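Sequence order for the protein chains is R and H.
The numbering of the first sequence is the numbering used here, which starts it at 64 and goes up by one.
The numbering of the second sequence is the numbering used here, which starts it at 5 and goes up by one.
Using N, Cα and C, we set each Cβ at its ideal position, and we do this for glycine too.
Because the structure is a prediction, the values reported are computed rather than measured.
Worksheet for the structure shown next.
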Amino acid sequence: MKNTPLTDIHINLGAKMAEFAGYNMPISYAGIKEEHLTVRSGVGVFDVSHMGEFILKGKNATRLIQNITTNDVSTLEPGHVQYTCMPNGNGGIVDDLLIYRLPNDGLAEDEQAYLLVVNASNIEKDWNWISQHNHLDVEMINTSDNTGLLAIQGPKAAEALQSLTDIKLNEVKYYTFLKGTFAGIPDTIISATGYTGAGGFEIYVSNDHLVQLWNTVFEAGKDYGIQPIGLGARDTLRLEMGFCLYGNDIDDTTSPIEAGLGWITKLNKGEFIDCELYKSQKENGTARKLVGFKLDDRRVPRHGYLITDADGNKIGEVTSGTQSPSLGYPIGMGYVQKEFSKADTPIFIDFNGKRLQAAVTKLPFYKES
Amino acid sequence: MTFPAELKYTQEHEWIRIEGDFAFIGITEFAQSELGDIVYVEVETVGEVVNSGDVFGTIEAVKTTSDLFMPITGEVLELNEAISEAGGDDPALINSDPYGEGWIIKVKISDKSEIDGLLDADAYAALVN
Numbered sequence: 064m065k066n067t068p069l070t071d072i073h074i075n076l077g078a079k080m081a082e083f084a085g086y087n088m089p090i091s092y093a094g095i096k097e098e099h100l101t102v103r104s105g106v107g108v109f110d111v112s113h114m115g116e117f118i119l120k121g122k123n124a125t126r127l128i129q130n131i132t133t134n135d136v137s138t139l140e141p142g143h144v145q146y147t148c149m150p151n152g153n154g155g156i157v158d159d160l161l162i163y164r165l166p167n168d169g170l171a172e173d174e175q176a177y178l179l180v181v182n183a184s185n186i187e188k189d190w191n192w193i194s195q196h197n198h199l200d201v202e203m204i205n206t207s208d209n210t211g212l213l214a215i216q217g218p219k220a221a222e223a224l225q226s227l228t229d230i231k232l233n234e235v236k237y238y239t240f241l242k243g244t245f246a247g248i249p250d251t252i253i254s255a256t257g258y259t260g261a262g263g264f265e266i267y268v269s270n271d272h273l274v275q276l277w278n279t280v281f282e283a284g285k286d287y288g289i290q291p292i293g294l295g296a297r298d299t300l301r302l303e304m305g306f307c308l309y310g311n312d313i314d315d316t317t318s319p320i321e322a323g324l325g326w327i328t329k330l331n332k333g334e335f336i337d338c339e340l341y342k343s344q345k346e347n348g349t350a351r352k353l354v355g356f357k358l359d360d361r362r363v364p365r366h367g368y369l370i371t372d373a374d375g376n377k378i379g380e381v382t383s384g385t386q387s388p389s390l391g392y393p394i395g396m397g398y399v400q401k402e403f404s405k406a407d408t409p410i411f412i413d414f415n416g417k418r419l420q421a422a423v424t425k426l427p428f429y430k431e432s
Numbered sequence: 005m006t007f008p009a010e011l012k013y014t015q016e017h018e019w020i021r022i023e024g025d026f027a028f029i030g031i032t033e034f035a036q037s038e039l040g041d042i043v044y045v046e047v048e049t050v051g052e053v054v055n056s057g058d059v060f061g062t063i064e065a066v067k068t069t070s071d072l073f074m075p076i077t078g079e080v081l082e083l084n085e086a087i088s089e090a091g092g093d094d095p096a097l098i099n100s101d102p103y104g105e106g107w108i109i110k111v112k113i114s115d116k117s118e119i120d121g122l123l124d125a126d127a128y129a130a131l132v133n
């Protein structure tokens with residue numbers, strides 16, 4: 064099992080640790096509920112250094128990425144970030160990822176450079192997949208093992224971190240980033256992104272600066288009640304927003320169209336892997352759709368539970384579920400046959416033979432009040 | 005972590021406190037800590053005799069779901085009102101006070117000889133450490 068440079072710090076803080084994607088990661092510190100609410104109302108810090116990072120650079124970097132991803136990367140300007148996914152040639156998803164268009168400094172006029180941030184569990188698979196499609200001599204660098212990443216999330220994030228940089232953090236727009244000095248560390252990527260819906264930043268540094276970054280961030284955030292947050296709350300926060308988790312809600316067998324990711328699937332951008340298939344799915348509809356649902360009960364739906372109609376006939380399967388810490392009731396996502404996918408449609412979750420009623424719900428579950 | 009000496013324990017991380025022909029059953033400090041924030045306890049076996057090792061209820065935490073197993077055969081007499089939906093509805097008591105306010109059910113023991121098959125505090129502590 065791999066460690067991040069912060070593993071010892073997590074253990075000393077009393078975190079409950081567990082293996083995730085081959086890394087020894089903190090699942091929770093003070094408890095998932097408390098950590099979750101800290102991020103919704105204040106500011107919290109996640110060590111997400113397990114995430115993978117690739118740099119793609121060269122004359123044909125844009126062309127390569129345009130072919131292997133669903134979103135339109137040709138519209139992405141330096142300093143901007145895009146959420147996208149990679150189709151697997153059979154309509155499924157290799158991975159979902161963020162693409163950073165890096166600044167042009169140091170590049171020849173006809174070159175482009177990108178940072179791709181991928182799921183930890185898919186680093187090797189993604190690397191092989193991209194390499195296999197790299198017929199255009201794009202330079203590829205896997206920096207995953209040397210990149211540390213903190214997600215500092217919550218409505219107080221900008222204020223809590225402002226003393227660490229000259230960059231005006233509240234002016235960094237959502238899904239944009241800057242490179243600069245942060246916490247005394249040069250060449251840091253300060254990105255207004257995250258997986259919580261609570262606002263905040265993701266800060267990329269080299270691994271040897273990660274402990275310094277962690278300590279400085281906690282010192283700066285002390286007066287704002289900054290707390291460490293584990294992967295448990297990361298999951299409940301993303302689920303309240305209806306964000307997909309690779310391996311749960313999307314995988315090699317699900318298409319972005321049926322997963323509600325049509326908004327990152329730009330069918331008119333020109334040729335890309337699986338574009339014809341997605342066009343036909345968009346035109347004709349898909350047999351199943353990923354929906355959010357809430358339960359009228361106290362039992363909590365979990366990945367793999369069956370979804371049925373009122374008579375107990377299987378109409379789908381739960382992909383994610385939890386008790387929503389913000390809302391106080393059970394929520395989940397799952398694929399259902401399309402005739403059951405409209406908001407407010409009654410569906411039933413099978414708890415080991417016991418059927419409990421749920422209702423299809425528009426996403427996100429949680430909206431800022 | 006504490007494992008009170010006056011209680012008996014199971015491999016499934018329940019504790020049982022024997023009081024004559026009756027007993028109180030809950031989950032151990034180790035179990036609550038593994039589960040994390042507990043949000044609901046469902047016990048639909050009140051009034052039934054449940055055999056040792058069988059499921060008497062289900063516990064829902066934010067992160068996971070876990071079955072509750074009967075340490076010894078007995079009739080389930082009541083679900084702790086303080087944690088039940090119909091009563092105080094405060095299942096977090098199992099997190100904050102697993103051996104006290106956070107007890108789960110009271111039972112009438114069917115066969116006291118089964119008590120000998122349970123773990124004592126030292127044996128249980130050795131199991132989880």
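Cβ pair residue i, residue j closer than 9 Å
i: H/Leu-123; j: H/Thr-14; result: yes
i: R/His-196; j: R/Arg-164; result: no
i: R/Lys-425; j: R/Gly-348; result: no
i: R/Gln-216; j: R/Val-108; result: yes
i: R/Arg-351; j: R/Val-399; result: yes
i: R/Met-88; j: R/Glu-97; result: no
i: H/Ile-109; j: H/Asn-84; result: yes
i: R/Cys-148; j: R/Asn-134; result: yes
i: R/Val-157; j: R/Asn-185; result: yes
i: R/Val-102; j: R/Thr-228; result: no
i: R/Asp-413; j: R/Leu-369; result: yes
i: R/Tyr-92; j: R/Leu-76; result: yes
i: R/Ile-90; j: R/Gly-295; result: yes
i: R/Thr-125; j: R/Ser-137; result: yes
i: H/Ile-42; j: H/Asn-99; result: yes
i: R/Asn-115; j: R/Asp-189; result: In the sequence under discussion, the amino acid at residue 115 of chain R is Gly, which differs from the Asn named in the question. In this structure, R/Asp-189 lies closer than 9 Å to R/Gly-115 by Cβ.
i: R/Gln-145; j: R/Ile-162; result: yes
i: R/Leu-273; j: R/Leu-213; result: yes
i: R/Phe-281; j: R/Ile-292; result: no
Three-state secondary structure assigned by DSSP to residue i
i: R/Thr-382; result: strand
i: H/Glu-23; result: strand
i: R/Ile-327; result: helix
i: R/Tyr-309; result: strand
i: R/Asn-209; result: helix
i: R/Gly-397; result: strand
i: R/Gly-251; result: Note on residue identity: the sequence assigns Thr, not Gly, to residue 251 of chain R. If DSSP states are grouped into helix, strand and coil, R/Thr-251 belongs with the strands.
i: H/Ala-127; result: helix
i: R/Asn-87; result: strand
i: R/Phe-414; result: strand
Sequence-distant residues of its chain with Cβ nearer than 6 Å to residue i (five each side left out)
i: H/Tyr-128; result: Phe-7, Tyr-13
i: R/Asn-270; result: Pro-68, Asn-209, Gly-211
i: R/Phe-403; result: Ile-378, Ile-410
i: R/Asp-407; result: Ala-422
i: R/Asn-182; result: Asp-158, Tyr-309
i: R/Lys-500; result: Chain R is shown from 64 up to 432; residue 500 of chain R falls before or after that span and cannot be answered.
i: H/Trp-107; result: Phe-28, Gly-30, Asn-84
Residue i, enclosing alpha helix (DSSP H) - first and last residue
i: R/Trp-190; result: 186–196
i: R/Leu-241; result: It is not in any alpha helix (DSSP H) - R/Leu-241 instead sits in the beta strand (DSSP E) that spans 240–245.
i: R/Lys-345; result: 338–347
Same chain, Cβ closer than 8 Å to residue i, five either side skipped, listed in chain order
i: R/Ile-320; result: Thr-328, Tyr-341, Gln-344, Lys-345, Thr-349
i: R/Ile-230; result: Leu-241, Gly-243, Phe-245, Ile-253
i: H/Glu-82; result: Val-50, Ile-109, Lys-110
i: H/Gly-92; result: Glu-85, Ala-86
i: H/Asp-115; result: Ile-76, Thr-77
Inter-residue CB distance, residue i and residue j (contact presumed, cutoff 8 Å)
i: H/Glu-48; j: R/Arg-362; result: H/Glu-48 to R/Arg-362, Cβ: 11 Å. No contact.
i: H/Gly-78; j: H/Ala-35; result: Actually they do not touch by this definition, with Cβ atoms about 20 Å apart.
i: H/Lys-67; j: R/Ile-313; result: Not really, about 21 Å apart at Cβ, beyond 8 Å.
i: R/Thr-256; j: R/Tyr-238; result: 6 Å
i: R/Ile-266; j: R/Gly-152; result: Between R/Gly-152 and R/Ile-266 the Cβ distance is about 35 Å, and since that is not below 8 Å, they are no contact.
Endpoints, the beta strand (DSSP E) within which residue i is located
i: R/Val-157; result: 156–164
i: R/Asp-135; result: R/Asp-135 -> no beta strand (DSSP E), and no H or E assigned at all.
i: R/Tyr-146; result: 144–150
i: H/Gly-78; result: 78–83
i: R/Met-304; result: Premise fails: R/Met-304 lies in the alpha helix (DSSP H), 294–304, not in any beta strand (DSSP E).
i: H/Glu-64; result: 59–65
i: H/Asp-93; result: Taken as a continuous stretch (DSSP letters only), H/Asp-93 belongs to no beta strand (DSSP E), as it is neither H nor E.
Cβ neighbours of residue i in the same chain (closer than 7 Å, five flanking residues each side left out)
i: R/Gly-395; result: Phe-356, Pro-364, Val-381, Ser-383, Gly-384
i: R/Thr-316; result: Gly-155
i: R/Leu-219; result: For the sequence presented, residue 219 of chain R should be read as Lys rather than Leu. Cβ within range, chain order: Gly-105, Val-106, Tyr-287.
i: R/Asn-233; result: Ala-221
i: H/Gly-40; result: Ala-65, Val-66, Lys-67
i: R/Asn-311; result: His-366, Thr-382, Ser-383
i: H/Asp-71; result: Val-59, Thr-62
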